[in-house]
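Protein chains in written order, with our numbering: chain A, 1 to 215; chain B, 1 to 215. We put the beta carbon where it would ideally sit given N, CA and C, even for glycine. Here the structure is laid out as structure tokens; the discussion comes afterwards.
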DNA sequence: GCTTGCATGGTACAGATGTACTATTTGTTT
DNA sequence: AAACAAATAGTACATCTGTACCATGCAAGC
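Structure representation (structure tokens):
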């Protein structure tokens, strides 16, 4: 019954972003928008979950990159609620892998922070109406995901080590496997990422968000 | 004479950021702040320079990462004006090299976008008063920059190529130098960055913002 | 004039990497 | 049961990379 009402009343929106500047920006852009009712602006995933527990929310605008709990995990937690709101991802950068994972975890749309107010509103309305919303450039790449990396867990671990400058022998020692196996994995990684050596693999992986950039 | 007046009247502020969300956020956070007068909010360096040409501005809040003209170049252009305003950098991430270059180019402070309103205001006031403003973590690292990379132009070019998966031989061909020279440069790069091979060099360089992450 | 940093090119050699295969085991999926 | 993907380990061989040196030319700075 709730679902039907939302079509006729205001869309209840929750903003989740750790940047005060972004919270203020979204609040001032969307707070006075007719048809949208801003329920709150949380600075963390924890805060968001508490708020969702108390208030009914239709759409969550979620930042993907936050300290402590990252956006993907936050998304997972939100989707486990009894009446989960729809989630629209808001991110600063375009990392393919990240977007893909967010979609897998149940995100219904993806916005870059350089998006205009009108487009943000359009995305909110689209998602609330049960549609998805992805910018054209992203949508096309999500479509032809034959090109997807699809690295196995082992390959991911090895990619991580490799980018830190470890040799095959060292990686083998770290994981208790032979250096020949490590080399086979790396050859597979290079093929999957369509690069020609380990160095390019590391750099492509970082650019696509396959391996993290901070530590 | 202008300088003296600014101490007693409002601080005239210009925001430069390509993200509509961030512009709205900063405007709503700072627009009503007593003591600060928001002169404008530009979406690009070009727009900012036009605005600076027409209006008197004390402080520019400048995003470092923008399409077309990047923040460092924009900063250079601003500092070439007849009566250059003070510049406070606003950035999403903490890339040491980037911060260092911004300081070299004349920035008087550096803010992360996760900064609170009060701290942003404090930074504006500090810079307007002729002081510098850097978050503690950044200030300390700027201080002990014995650790700085200090790569030569040639080394930077080669680092860029290397991270794209080119072999020494290919890099040599691209620059018209011998592969032995390339290898010597790379050994120097590895020493300066304190890493043990080219792969780690590429990944460290990306993490520190020494080489770009977008293309 | 001397030193220092940068760019250049080289030799010799050990070890790392990548390619092309083969092959076994294990756990899923069909 | 058969097919498949993932992880494992190996051999053989060519090439690339990194280290340790040496050496030259040039420009900037003291």
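contact_flag[the stretch 85-92 of chain A, the stretch 39-46 of chain A] where n(CB pairs < 8 Å) is 3 or more: Of all C-beta pairs linking the stretch 85-92 of chain A to the stretch 39-46 of chain A, fewer than three are shorter than 8 Å, placing the two stretches out of contact.
Buried/exposed call for residue 9 (chain B), threshold 16 Cβ in 10 Å: Locating residue 9 (chain B) in the second chain gives position 9, counting from the first residue. Flag for residue 9 (chain B) reads exposed.
For residue 24 (chain B), three-class secondary structure by DSSP: Taking the second chain and counting its residues from 1, the one referred to as residue 24 (chain B) is at position 24. Residue state for residue 24 (chain B) is assigned as helix, using DSSP reduced to three classes.
CB of residue 58 (chain B) within 8 Å of CB of residue 71 (chain B), strictly: Numbered from its first residue, the second chain carries residue 58 (chain B) at position 58. Numbered from its first residue, the second chain carries residue 71 (chain B) at position 71. Against a cut-off of 8 Å, the Cβ pair of residue 71 (chain B) and residue 58 (chain B) comes out as no contact.
C-alpha distance - residue 159 (chain A) paired with residue 112 (chain A), whole-angstrom precision: The residue given as residue 159 (chain A) occupies position 159 in the first chain. The residue given as residue 112 (chain A) occupies position 112 in the first chain. If you draw a straight line from the Cα of residue 159 (chain A) to the Cα of residue 112 (chain A), it comes to about 27 Å.
Cβ-based burial, residue 34 (chain B) [other Cβ within 10 Å; buried from 16]: Counting from 1 along the second chain, the entry for residue 34 (chain B) is found at position 34. The C-beta of residue 34 (chain B) has fewer than 16 other C-beta atoms within 10 Å across all chains shown, which makes the residue exposed.
Chain A residues whose Cβ lies nearer than 7 Å to that of residue 182 (chain B): On the second chain, position 182 is the one that residue 182 (chain B) refers to. Going along chain A, no residue has its Cβ under 7 Å from residue 182 (chain B), so there is no contact; the nearest lies around 14 Å.
Residue range of the unbroken alpha helix (DSSP H) whose run includes residue 172 (chain A): Residue numbering aside, residue 172 (chain A) sits at position 172 when the first chain is read from its first letter. Where residue 172 (chain A) is concerned, the enclosing alpha helix (DSSP H) stretches over 168-175.
Reference residue 150 (chain A); option with closest CA among A:173, A:14, A:101, A:118: Along the first chain, read from residue 1 onward, the residue named residue 150 (chain A) stands at position 150. Among A:173, A:14, A:101, A:118, the Cα nearest to that of residue 150 (chain A) is on A:101.
Distance between beta carbons of residue 29 (chain A) and residue 21 (chain B), contact taken as under 8 Å: If you number the second chain from 1, residue 21 (chain B) lands on position 21. If you number the first chain from 1, residue 29 (chain A) lands on position 29. Contact flag correct, Cβ pair sits at about 7 Å.
DSSP state of residue 203 (chain A) mapped onto helix, strand, coil: To locate residue 203 (chain A), count along the first chain from 1; it is residue 203. Here DSSP, grouped into helix, strand and coil, assigns residue 203 (chain A) to helix.
Residue 42 (chain A) - DSSP class collapsed to helix/strand/coil: Residue numbering aside, residue 42 (chain A) sits at position 42 when the first chain is read from its first letter. Residue state, collapsed to three classes: strand.
Local conformation of residue 147 (chain A) per DSSP, three classes: Numbered from its first residue, the first chain carries residue 147 (chain A) at position 147. With a pLDDT of only 42 at residue 147 (chain A), under 50, the local geometry of the prediction cannot be trusted, and no value is derived from it.
C-alpha gap between residue 206 (chain B) and residue 56 (chain A), whole angstroms: Along the second chain, one-based indexing puts residue 206 (chain B) at 206. Along the first chain, one-based indexing puts residue 56 (chain A) at 56. One alpha carbon belongs to residue 206 (chain B), the other to residue 56 (chain A), and they sit about 42 Å apart.
Straight-line Cα distance separating residue 196 (chain A) from residue 24 (chain A): Here residue 24 (chain A) refers to the residue found at position 24 of the first chain. Here residue 196 (chain A) refers to the residue found at position 196 of the first chain. About 45 Å.
Within-8 Å CB hit, residue 199 (chain B) to chain A: The residue you call residue 199 (chain B) lines up with position 199 of the second chain. Yes, its Cβ sits closer than 8 Å to a Cβ of chain A.
Where the stretch 17-33 of chain A meets chain B: residues whose CB sits under 8 Å from a CB there: Going along the stretch 17-33 of chain A in chain order, one finds 18, 19, 20, 21, 22, 23, 24, 25, 26, 27, 28, 29 with a Cβ nearer than 8 Å to chain B.
Chain-ordered neighbours of residue 162 (chain B) on chain A, where CB pairs are closer than 8 Å: The count along the second chain starts at 1 and reaches residue 162 (chain B) at position 162. For residue 162 (chain B), the neighbours in chain A by C-beta distance under 8 Å run, in chain order, 199.
Where the beta strand (DSSP E) containing residue 12 (chain B) begins and where it ends: The residue given as residue 12 (chain B) occupies position 12 in the second chain. Element bounds for residue 12 (chain B): 11-16.
Proximal chain A residues relative to residue 174 (chain B), where beta-carbon distance stays under 8 Å: The sequence position of residue 174 (chain B) within the second chain is 174, counting from 1. Here the premise fails: no neighbours, minimum Cβ distance about 15 Å.
Contact list for residue 80 (chain A) against chain B, beta-carbon separation under 9 Å: On the first chain, position 80 is the one that residue 80 (chain A) refers to. Those within 9 Å of residue 80 (chain A) in chain B number zero; the least Cβ separation is about 27 Å.
Start-to-end residues for the alpha helix (DSSP H) that takes in residue 162 (chain B): The residue you call residue 162 (chain B) lines up with position 162 of the second chain. Looking at the DSSP string, the run of the alpha helix (DSSP H) that includes residue 162 (chain B) is 153-162.
Three-state class that DSSP yields for residue 216 (chain A) in the structure shown: Missing from the structure shown is residue 216 (chain A); chain A here goes from 1 to 215 and no further.
Closest Cα partner of residue 17 (chain B) within the set B:37, B:175, B:11, B:47: What you label residue 17 (chain B) is simply residue 17 of the second chain in a count that begins at 1. The shortest C-alpha separation from residue 17 (chain B) is found at B:47.
Chain A within 8 Å of residue 114 (chain B), Cβ atoms only: Residue numbering aside, residue 114 (chain B) sits at position 114 when the second chain is read from its first letter. For residue 114 (chain B), the answer is yes, since a Cβ of chain A falls inside 8 Å of its Cβ.
Residue-level contact to chain A via CB, residue 117 (chain B), 8 Å cutoff: On the second chain, residue 117 (chain B) is found 117 positions in, with the first residue counted as 1. Chain A, which has a Cβ nearer than 8 Å to the Cβ of residue 117 (chain B), makes this yes.
Residue(s) in a DSSP beta bridge with residue 109 (chain B): Walking along the second chain from the start, residue 109 (chain B) turns up at place 109. When beta bridges are read from the DSSP output, residue 109 (chain B) appears opposite B:88, B:133.
Same chain only: Cβ atoms within 6 Å of residue 218 (chain A), ignoring 5 sequence neighbours per side: Missing from the structure shown is residue 218 (chain A); chain A here goes from 1 to 215 and no further.
Nearest residue (CA-CA) to residue 15 (chain A), options A:85, A:73, A:81, A:170: Here residue 15 (chain A) is taken as the residue at index 15 of the first chain, counted from 1. The shortest C-alpha separation from residue 15 (chain A) is found at A:85.
Below-8 Å beta-carbon distance, residue 40 (chain B) vs any chain A residue: Within the second chain, the letter at position 40 stands for residue 40 (chain B). Not an interface residue.
Residue from B:185, B:169, B:163 with nearest C-alpha to residue 204 (chain B): What you label residue 204 (chain B) is simply residue 204 of the second chain in a count that begins at 1. The candidate whose alpha carbon is nearest that of residue 204 (chain B) is B:163.
Integer Cβ distance of residue 199 (chain B) from residue 165 (chain A), believed to fall under 8 Å: Locating residue 199 (chain B) in the second chain gives position 199, where the first residue counts as 1. Locating residue 165 (chain A) in the first chain gives position 165, where the first residue counts as 1. Yes, they are in contact, since the Cβ atoms of residue 199 (chain B) and residue 165 (chain A) sit about 6 Å apart, within 8 Å.
Minimum Cβ-Cβ distance from residue 202 (chain A) to chain B less than 8 Å: As a position in the first chain, residue 202 (chain A) is number 202, starting the count at 1. Residue 202 (chain A) counts as touching chain B.
Interfacial residues, the stretch 120-134 of chain A to chain B, with Cβ spacing under 7 Å: Result list empty, no residue passes.
Assigned exposure category for residue 123 (chain A) - 16 Cβ within 10 Å defines buried: In the first chain, residue 123 (chain A) corresponds to position 123, counting from 1. Buried, since its Cβ has 16 or more Cβ neighbours within 10 Å.
Residue 192 (chain B) (DSSP reduced to helix, strand or coil): For the purposes of this step, residue 192 (chain B) is taken as residue 192 along the second chain, with counting starting at 1. Helix, per DSSP.
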